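J.: Numbering (my numbering), first residue to last: 541 to 880.
1. Taking only the alpha-carbon atoms, compute the straight-line gap between residue 686 and residue 801 and give it to the nearest angstrom.
2. So, is residue 770 buried or exposed, given that buried needs 16 or more other C-beta atoms within 10 angstroms?
3. Have a look at residue 655 and residue 698 and give me their C-alpha separation to the nearest angstrom.
4. Which residues share a DSSP beta bridge with residue 861?
5. Please report how far the alpha carbon of residue 736 lies from the alpha carbon of residue 651, in whole angstroms.
6. How many angstroms separate the CA atom of residue 674 from the CA atom of residue 718?
7. Just to confirm before moving on: does the CB-CB distance between residue 880 and residue 869 stay below 9 Å?
8. Just to confirm the assignment, what range does the beta strand (DSSP E) spanning residue 674 have?
9. So the candidates are 825, 604 and 863; which of them puts its Cα closest to the Cα of residue 621?
10. In this structure, how does DSSP classify residue 617 when only helix, strand and coil are distinguished?
11. Note down the Cα distance separating residue 806 from residue 851, rounded to an integer number of angstroms.
12. Look up residue 885 in the DSSP assignment and say whether it is helix, strand or coil.
13. For residue 817, which of helix, strand or coil comes out of DSSP?
14. Rounded to the nearest angstrom, what separates residue 729 and residue 743 at their Cα positions?
15. Exposed or buried, which one is residue 583 when buried takes at least 16 other CB atoms within 10 Å?
16. Compare the beta carbon distance of residue 776 and residue 843 with 9 Å and say whether it is the shorter of the two.
17. Taking only the alpha-carbon atoms, compute the straight-line gap between residue 712 and residue 859 and give it to the nearest angstrom.
18. With a threshold of 6 Å on Cβ separation, who are the neighbours of residue 682 within its own chain once the five nearest residues in sequence on each side are excluded?
19. Nearest to residue 857 by alpha carbon, out of 692, 796 and 827?
So this is what it looks like as structure tokens:
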């Protein structure tokens, strides 16, 4: 008879693993592990669905809470503007924290994305975060330039309204460095720049009065000087030339106006451009343009009323910005051939 092979003897470790107690423990651990993973996943979904800032959160915007607005109105507006994911979540959170009656009215500036807990803290503590924004308006800027400058930096700024209101104030909005709150609007910007102009012109009031020209004419001339020259000396010499041309009835014939009319510089102009029918065209019409062509700085304003008298009638700037003057038109044409 063939002797049967006895079944293999289990090791001690195998005997323990087969123990009902051990198997129960392993099942318990596996169940807990699944529960933990499910819990973590649920937390993640909760965060993504209710707590996390929306992907299209509108950063660098001003959010306004109107006086007397209810909590429901505020949270609905926050959800509508994509500042929070769920109005229900924020309302519940604010209510649980006992702050349902403590929503502060006013303008809130959101520089970066905020989650629902942060938004709840902001609106219930009045953390408006309205830090002044430093904005520089360069000398020679036009109102069109300003609309772009302020429209880029101030969330509540209405460019079209600014252009409409500032249209008649070209040249009288002073170029300088300003600080505005992020919620500043067009009318406030205009008022500030206009008041600054009045303050600065008072500083040279004696020179303006002594010169004897209307302030409007001085500003128009200064705006031309701002675009035509770089230094105080050249501005004062050119002022002397241009005031002299006006006094004898000679056309001003300045190229700077075409930057305002056509957006072209001196070296881009054609003969047809010089014939364009515009009240700013000083080749076609004698006298000063109908208004300023830019916002002159204080140096240009002062240069306009402190001209240097010379025998020159003509001037031009070469490609390097150097000025060349001449007494006669023949000399002027020779300078053009030499420097252009």
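Where a beta carbon is used, it is the ideal one built from N, C-alpha and C, also for glycine. These numbers were taken from a predicted model, which means no experiment stands behind them.
T.: According to the structure data:
1. If you number the chain shown from 1, residue 686 lands on position 146. If you number the chain shown from 1, residue 801 lands on position 261. For residue 686 and residue 801, the distance between alpha carbons rounds to 17 Å.
2. The count along the chain shown starts at 1 and reaches residue 770 at position 230. Exposed: under 16 other Cβ atoms inside 10 Å.
3. By 1-based counting over the chain shown, the position of residue 655 is 115. By 1-based counting over the chain shown, the position of residue 698 is 158. Each residue's alpha carbon lies about 28 Å from the other.
4. The sequence position of residue 861 within the chain shown is 321, counting from 1. Per DSSP, none; premise fails for residue 861.
5. For the purposes of this step, residue 736 is taken as the residue at position 196 of the chain shown. For the purposes of this step, residue 651 is taken as the residue at position 111 of the chain shown. When rounded, the distance between both Cα atoms is 29 Å.
6. Start at 1 with the first residue of the chain shown, and residue 674 comes out as number 134. Start at 1 with the first residue of the chain shown, and residue 718 comes out as number 178. Each residue's alpha carbon lies about 6 Å from the other.
7. Translated into positions along the chain shown, residue 880 becomes position 340. Translated into positions along the chain shown, residue 869 becomes position 329. No. Outside cutoff.
8. On the chain shown, position 134 is the one that residue 674 refers to. First-last of the beta strand (DSSP E) with residue 674: 673 to 676.
9. Stepping through the chain shown from its first residue, residue 621 is reached at position 81. Out of 825, 604 and 863, 604 has the C-alpha closest to the C-alpha of residue 621.
10. As a position in the chain shown, residue 617 is number 77, starting the count at 1. Correct three-state label for residue 617: helix.
11. The sequence position of residue 806 within the chain shown is 266, counting from 1. The sequence position of residue 851 within the chain shown is 311, counting from 1. In a straight line, the C-alpha of residue 806 is about 24 Å away from that of residue 851.
12. As displayed, the chain neither begins before 541 nor continues past 880, which places residue 885 out of reach and without an answer.
13. The residue labelled residue 817 in the question sits at position 277 within the chain shown. It is coil, neither helix nor strand.
14. In the chain shown, the residue the question calls residue 729 occupies position 189. In the chain shown, the residue the question calls residue 743 occupies position 203. If I take the Cα positions, the gap works out to 22 Å.
15. Indexing the chain shown from 1 puts residue 583 at position 43. Bear in mind that the predicted position of residue 583 carries a pLDDT of just 46, short of 50, making it unreliable; the figure below should be weighed with that in mind. Its Cβ having fewer than 16 others within 10 Å, residue 583 is exposed.
16. Position 236 of the chain shown holds residue 776. Position 303 of the chain shown holds residue 843. For residue 776 and residue 843, yes; Cβs fall inside 9 Å.
17. Reading the chain shown from its first residue, position 172 is the one you call residue 712. Reading the chain shown from its first residue, position 319 is the one you call residue 859. Near 30 Å, if we compare the C-alpha coordinates of residue 859 and residue 712.
18. As a first step, residue 682 is located in the chain shown; it is residue number 142 there, counting from the start. Contacts found: 834.
19. Here residue 857 refers to the residue found at position 317 when the chain shown is read from its first residue. Here the closest residue by C-alpha is 796.
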